[in-house]
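Data first, discussion second: the structure below is written as structure tokens.
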Amino acid sequence: MKVNRKQLYDKLQKLSHGLSTQNVIEQSECFVFSNGTIFTFNDEIFCSCESIGMGIEGACKSSLLLNLLGKMTEEEVEVEVVENALVVKGNKKKAKIMLEQDIALKIQEISKPTKWKKLIKGFVGMVQLASNCVSRDESKYVLTCVHLSQSYIEAGNDYQLIRCYGDVGMEDVLISGSSLSKICLAQPVEYSLTKDWMHFRTEEAIQISCRMSRETYPNIDQFLEVRGKKLKVPPELIEAVERTSLFASDQQKDDDIIQVTVAENGMKLLGTNSGGNYAEMLSIKYEGNPVKFLVKPHLLKDMLKKSQRWMLSDKLQIKTKEFVFCTSISQE
Amino acid sequence: MEGFFVNNPSVVSSAPRCQSCGLKHKCNTPRMAPSGLGKMGVLVVGEAPGEREDREGIQLIGKSGQLLRRHLNDLGIKLDRDCWKTNAVNCRPPENRTPTAKEIGACRPFLLKLIKEKNPKVVVLLGTKSVESLLGPLWKKDIGSISRWVGCLIPCREYNTWIVPNWHPSYLLRQNSEVLESNFHDNLKRAFSIESHPYKSNSCKNPYTQKIKVLKNPDSVLTYMECFLEANNPIAFDFETDRLKPDADGSSIFSCAVSDGECTIAYPWVGDAIAATSKLLRSRVPKIGANIKFEERWTRKILGHGVRNWVWDCMVAAHTLNNAPGITSVKFQSFVRFGVGDYSSDISSFLEAGGKGNTANKIKQVKLSELLLYNGMDALMEYKIAQQQMEEINEQ
Chain A
31 MKVNRKQLYD
41 KLQKLSHGLS
51 TQNVIEQSEC
61 FVFSNGTIFT
71 FNDEIFCSCE
81 SIGMGIEGAC
91 KSSLLLNLLG
101 KMTEEEVEVE
111 VVENALVVKG
121 NKKKAKIMLE
131 QDIALKIQEI
141 SKPTKWKKLI
151 KGFVGMVQLA
161 SNCVSRDESK
171 YVLTCVHLSQ
181 SYIEAGNDYQ
191 LIRCYGDVGM
201 EDVLISGSSL
211 SKICLAQPVE
221 YSLTKDWMHF
231 RTEEAIQISC
241 RMSRETYPNI
251 DQFLEVRGKK
261 LKVPPELIEA
271 VERTSLFASD
281 QQKDDDIIQV
291 TVAENGMKLL
301 GTNSGGNYAE
311 MLSIKYEGNP
321 VKFLVKPHLL
331 KDMLKKSQRW
341 MLSDKLQIKT
351 KEFVFCTSIS
361 QE
Chain B
1241 MEGFFVNNPS
1251 VVSSAPRCQS
1261 CGLKHKCNTP
1271 RMAPSGLGKM
1281 GVLVVGEAPG
1291 EREDREGIQL
1301 IGKSGQLLRR
1311 HLNDLGIKLD
1321 RDCWKTNAVN
1331 CRPPENRTPT
1341 AKEIGACRPF
1351 LLKLIKEKNP
1361 KVVVLLGTKS
1371 VESLLGPLWK
1381 KDIGSISRWV
1391 GCLIPCREYN
1401 TWIVPNWHPS
1411 YLLRQNSEVL
1421 ESNFHDNLKR
1431 AFSIESHPYK
1441 SNSCKNPYTQ
1451 KIKVLKNPDS
1461 VLTYMECFLE
1471 ANNPIAFDFE
1481 TDRLKPDADG
1491 SSIFSCAVSD
1501 GECTIAYPWV
1511 GDAIAATSKL
1521 LRSRVPKIGA
1531 NIKFEERWTR
1541 KILGHGVRNW
1551 VWDCMVAAHT
1561 LNNAPGITSV
1571 KFQSFVRFGV
1581 GDYSSDISSF
1591 LEAGGKGNTA
1601 NKIKQVKLSE
1611 LLLYNGMDAL
1621 MEYKIAQQQM
1631 EEINEQ
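Chains as they are written, first to last, in my numbering: chain A, 31 to 362; chain B, 1241 to 1636.
Here it is as structure tokens:
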């Protein structure tokens, strides 16, 4: 049958969050076509959508199909199953992609969502801000998760914590930060909670589900309270952070980071990576011992757009009506 | 920087994370319970249940298990009677695939809980994945190949048990090598001949840091240097520098540490401490190092003379005793010989070169007290490793 190539390509691309690059479980690197739906599942994230009436049953290697559709130029392509292959035809072009008829990808454990609720406006932004702070240390698994609750979304690692305020309306949901940040790339608009799973749905009716954790998130209230010296940072700091981010460290196992030092003679940004280093000084009014901290530059930039007032004591706090961020600091 | 959750055990996963793993939904015997009577106080840890184990709900009964049992029978040991048995991952991964790091992490709390409950005097780890499960959080770096761990008898301070990594029997079946089987057998023999726990009680995780004297004032270094010279006993010494090789302009030594096993000092490379170090290195006091060409080269460049009377290089000796790859570093030797876990991860990224070749590291950004403690640990461990190596080489 003939299908709109771009429409199919876009759908498959949105399902790719559920793919694994390795064969984590059988057919986890495949697009699976079954009962009028296409789905992917990598044991962590499940994605599905309607198969725009292609009537195909089987599983094919995702990378081949996705790359092929991306490189074709036709508005419409013809897709059909011939023997054990998915045949994709364009103008004077024909590709045969092996199609496994037996569907081995087991998705029975994923409970089906029934009631969908609207996600609050700004949910994606809150999650993106929070998931920047999750830990990657699996031995502290709970810190690798984002905590969603009635009135806030929070996350943190050993050195930084963030709580984003909003009418989230969820009862203590704990989800892997890496899964949630991938899901938010698809811009979900609705959610549903079932046993052990949280489901999201986009405007194009693509369903993305991920496992919930049953662990208890630690109470971080005490760490978010900071009483100390107020510090007004200069507006040109945003651009300085952008410049320093070009030299953000690529040596750390975590993401790129830069170092910020606050001292009486000014604020110093320092970025060092294998290609070189960059330092920039900015004038500030500050009296006290010099202190320094490490931060992801894009996170700092996002926060600076909302607030240029910091609070310094034995830690540093950036607080607005929308969020409160805290990072531990060390003496210079 | 002080972490928010450093003293908060609630964030360290102590409960298994079956929910995020999901393997329990895909096997016949989910969360296979440990088995065996453990009469000899030995815990044997496999990688994951195979098809037969999953079907019958008992560890190590498939082909690999049979091979292990045969070797144990030759030593007069009955696996089910004398040992406790468990796996790094307690649910069978589909198609017998290797368990993922996430699955191992999710299942690790079962293993740690079992060790706390049974208090085994020896833990035999079969294969890389069981090594990853138990030693991963203690070693904190890449576990690497099993070949670097096999043959070690690790006096683990965290659990007060001897840890004996060994080949996985399935690897032996695939390799069909008499040499490997003989090595496997010898390692089992060593494990089962151990009579008691390595320590009298659950000991301090790193008792050695308390022995290091951090001397920020260069004047106080001089007194200790005179003592080292007068005693004329072997000393281990170690430099911390701003790059690998001293040839670039501006290359500098940041700190130095000296240890005679009883007394270990670490000090910044400033003032009179430099001349005192030079005097010690030119003296006949026997010198121990690890990768001594590094210290020799820096001494020649910065002090203008060589090191007199080198007697031992821990790195060369480690390779002489065991030619497996990835075992010669002071950190690895400290871990497997003295159970001293990671003492460098806080600052190691600052000591790595910033780029390719002989580029500068970020040693200037390390807090001086942390750098000196690390430097002192290196010198002390070099001394202790050298003493053990000397005994082993003399025995051979």
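Glycine included, each C-beta is placed from N, C-alpha and C at the ideal position. Keep in mind the model is a prediction, meaning the values are calculated, not measured.
Pairwise C-alpha distance: residue j and residue i
| i | j | result |
| --- | --- | --- |
| Glu245/A | Val354/A | 23 Å |
| Lys349/A | Leu330/A | 12 Å |
| Leu42/A | Met84/A | 13 Å |
| Leu324/A | Ile288/A | 6 Å |
| Ala235/A | Ile75/A | 16 Å |
| Leu1393/B | Pro1405/B | 8 Å |
| Val1576/B | Pro1395/B | 7 Å |
| Lys315/A | Gly296/A | 7 Å |
| Tyr221/A | Arg231/A | 6 Å |
| Val1551/B | Asn1336/B | 51 Å |
| Glu1536/B | Gly1546/B | 6 Å |
| Met1617/B | Leu1462/B | 20 Å |
| Leu94/A | Lys44/A | 16 Å |
| Asn1598/B | Lys1485/B | 6 Å |
Beta carbon proximity, residue i to chain B, threshold 8 Å
| i | result |
| --- | --- |
| Thr302/A | yes |
| Lys136/A | yes |
| Gly186/A | yes |
| Glu56/A | yes |
| Ser243/A | yes |
| Phe253/A | yes |
| Ser358/A | yes |
| Asp73/A | yes |
| Glu139/A | yes |
Terminal residues of the beta strand (DSSP E) in which residue i lies
| i | result |
| --- | --- |
| Ala293/A | Ile288 to Ala293 |
| Pro1409/B | Element bounds for Pro1409/B: not the beta strand (DSSP E) but the alpha helix (DSSP H), Pro1409 to Gln1415. |
| Lys262/A | Lys259 to Lys262 |
| Ile1493/B | Ile1493 to Ser1499 |
| Met228/A | Trp227 to Arg231 |
| Phe353/A | Phe353 to Ser358 |
| Ile1452/B | Ile1452 to Val1454 |
| Cys79/A | Ile75 to Glu80 |
| Pro1508/B | Thr1504 to Pro1508 |
Member of the options whose CA lies at the smallest distance from the CA of residue i
| i | options | result |
| --- | --- | --- |
| Lys1602/B | Asp1482/B, Tyr1623/B, Ser1460/B and Leu1428/B | Asp1482/B |
| Cys1261/B | Lys1325/B, Cys1331/B, Ile1567/B and Leu1300/B | Cys1331/B |
| Trp1407/B | Ser1422/B, Glu1398/B and Cys1396/B | Ser1422/B |
| Ala1619/B | Ile1528/B, Pro1565/B and Glu1610/B | Ile1528/B |
| Cys77/A | Ser209/A, Met200/A, Arg257/A and Glu317/A | Ser209/A |
| Asp1489/B | Ile1567/B, Asn1472/B and Trp1538/B | Trp1538/B |
| Leu1366/B | Ser1385/B, Lys1381/B, Glu1287/B and Leu1469/B | Glu1287/B |
| Val112/A | Gly88/A, Ile250/A, Pro265/A and Val292/A | Gly88/A |
| Glu104/A | Arg339/A, Ala115/A, Lys122/A and Ser92/A | Lys122/A |
| Met311/A | Asp197/A, Thr274/A and Lys147/A | Thr274/A |
| Glu272/A | Arg257/A, Asn319/A, Lys326/A and Gln237/A | Lys326/A |
| Asn34/A | Leu49/A, Pro218/A and Gly120/A | Gly120/A |
| Val256/A | Leu223/A, Val219/A and Leu342/A | Leu342/A |
| Arg1348/B | Leu1378/B, Val1362/B, Gly1581/B and Asn1457/B | Leu1378/B |
| Leu135/A | Val219/A, Phe69/A, Leu346/A and Lys101/A | Phe69/A |
Range covered by the alpha helix (DSSP H) that runs through residue i
| i | result |
| --- | --- |
| Asn97/A | Ser92 to Lys101 |
| Cys1392/B | It is not in any alpha helix (DSSP H) - Cys1392/B carries neither H nor E in the DSSP assignment. |
| Asp1294/B | Glu1291 to Glu1296 |
| Glu105/A | Looking at the DSSP string, Glu105/A is not in any alpha helix (DSSP H), and its letter there is neither H nor E. |
| Met200/A | Unbroken run through Met200/A: none, as it is neither H nor E. |
| Gly1302/B | Element bounds for Gly1302/B: n/a, residue is neither H nor E. |
8 Å Cβ cutoff, residue i in contact with chain A
| i | result |
| --- | --- |
| Gly1490/B | no |
| Lys1266/B | yes |
| Lys1604/B | no |
| Arg1537/B | no |
| Ser1569/B | no |
| Pro1270/B | no |
| Ser1260/B | yes |
| Ile1289/B | For clarity, residue 1289/B is Pro in the given sequence; the question names Ile instead. No, its Cβ sits nowhere closer than 8 Å to a Cβ of chain A. |
Residue i: CB within 7 Å of a non-hydrogen atom of the ligand NAP
| i | result |
| --- | --- |
| Cys240/A | Among the components of this structure there are no ligands whatsoever, and the ligand NAP is therefore not found. |
Which residues, taken in chain order from the segment 1385-1397 of chain B, show a beta carbon closer than 8 Å to some beta carbon of chain A?
-> none
Where the segment 155-182 of chain A meets chain B: residues whose CB sits under 7 Å from a CB there = Glu168, Ser169, Lys170, Tyr171, Val172 and Leu173
Selection of the segment 189-206 of chain A by Cβ proximity to chain B, strictly under 9 Å | Tyr189, Gln190, Leu191 and Ser206
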